[in-house]
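Report on the structure given below.
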Amino acid sequence: MTRRGIEVLAVTLTGVALCLGACSTDVAPPSDPTAQSAAVPLVPRTAEQIVGALQREGFDVDHPTEATDVNCAEAGCTQAVVTDRFRLLVFPSTGSAQSYAASQDMRQIETIAVGFAPVVPEAQRDRYWNAIVRLAR
39 MTRRGIEVLA VTLTGVALCL GACSTDVAPP SDPTAQSAAV PLVPRTAEQI
89 VGALQREGFD VDHPTEATDV NCAEAGCTQA VVTDRFRLLV FPSTGSAQSY
139 AASQDMRQIE TIAVGFAPVV PEAQRDRYWN AIVRLAR
């Protein structure tokens, strides 16, 4: 190879190296799969919106009360609504909802935990639960 050919090859390789360095982007570290994005919540509705939707669909939702201050200090949730038939708590992550629901014998989907009053028959619990699951998505 001639001296001119070596110079052209060196310039070309330098240009390619500079382009690769400038054109590449840093690879982000793997994200924590249990972490929840603050911008896009797993459940797009608030506790109040879910309870309101149940009411509009004809479910008996007697005496809904916003109970975040009372329930969430101990439970670690971010929202809570209590009715005569159930209580619905929203947590900041799926893991915290799952842990709390398991410790309280509640049902859980995504970031929501639901506990039913003892007087609610199992068939009605299932009916409410199926609607909550549908509304949570």
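Just so we're aligned: 89 in our numbering is position 51 of the sequence shown, and the numbers increase by one with no gaps anywhere.
Just so you know, even glycine gets a beta-carbon here, dropped at the ideal spot from N, CA and C.
Beta-bridge partners of residue i, as assigned by DSSP
i, result
"glycine 153", "Arg125"
"alanine 118", "Leu127"
"isoleucine 88", "According to DSSP, isoleucine 88 bridges with nothing at all."
"glutamine 136", "None; glutamine 136 has no bridge partner."
"glutamine 162", "BP columns for glutamine 162 are empty, so no partner."
"threonine 106", "Per DSSP, none; premise fails for threonine 106."
"glutamine 142", "Per DSSP, none; premise fails for glutamine 142."
"isoleucine 147", "Ile150"
Cβ shell of residue i (< 6 Å), same chain only, five flanking positions each side left out
i, result
"threonine 132", "Glu148 and Thr149"
"tryptophan 167", "Arg145"
"leucine 173", "Ile88 and Ala91"
Spatial neighbours of residue i in its chain, beta-carbon cut-off 8 Å, leaving aside the 5 residues before and after
i, result
"leucine 58", "Unreliable placement is indicated for leucine 58, whose pLDDT of 43 sits below 50; the coordinate value is still reported in the next sentence. For leucine 58, where only same-chain residues beyond five positions count, there are no Cβ hits under 8 Å."
For residue i, the nearest candidate out of the options (CA to CA)
i, options, result
"asparagine 109", "Gly153, Arg145, Ile170 and Val99", "Gly153"
"valine 99", "Asp122, Ala111, Tyr138 and Ala113", "Asp122"
"methionine 144", "Arg125, Cys115 and Arg172", "Arg125"
"alanine 178", "Arg163, Pro102, Val171 and Tyr138", "As shown, the chain starts at 39 and ends at 175. That puts residue 178 outside it, with no answer to give."
"serine 141", "Asp164, Val158, Val157 and Ala113", "Ala113"
"cysteine 115", "Leu173, Phe129 and Arg163", "Phe129"
C-beta atoms of residue i and residue j nearer than 7 Å
i, j, result
"valine 120", "alanine 85", "no"
"alanine 155", "leucine 127", "no"
"glutamine 146", "alanine 161", "no"
Neighbourhood of residue i by C-beta distance below 7 Å, restricted to the same chain and skipping five residues each side
i, result
"alanine 169", "Leu92, Glu95 and Phe97"
"glutamate 104", "Glu86 and Val119"
Residue-chain proximity (residue i, chain D), Cβ-Cβ < 7 Å
i, result
"arginine 94", "In the structure shown, chain D does not exist; there is a single protein chain."
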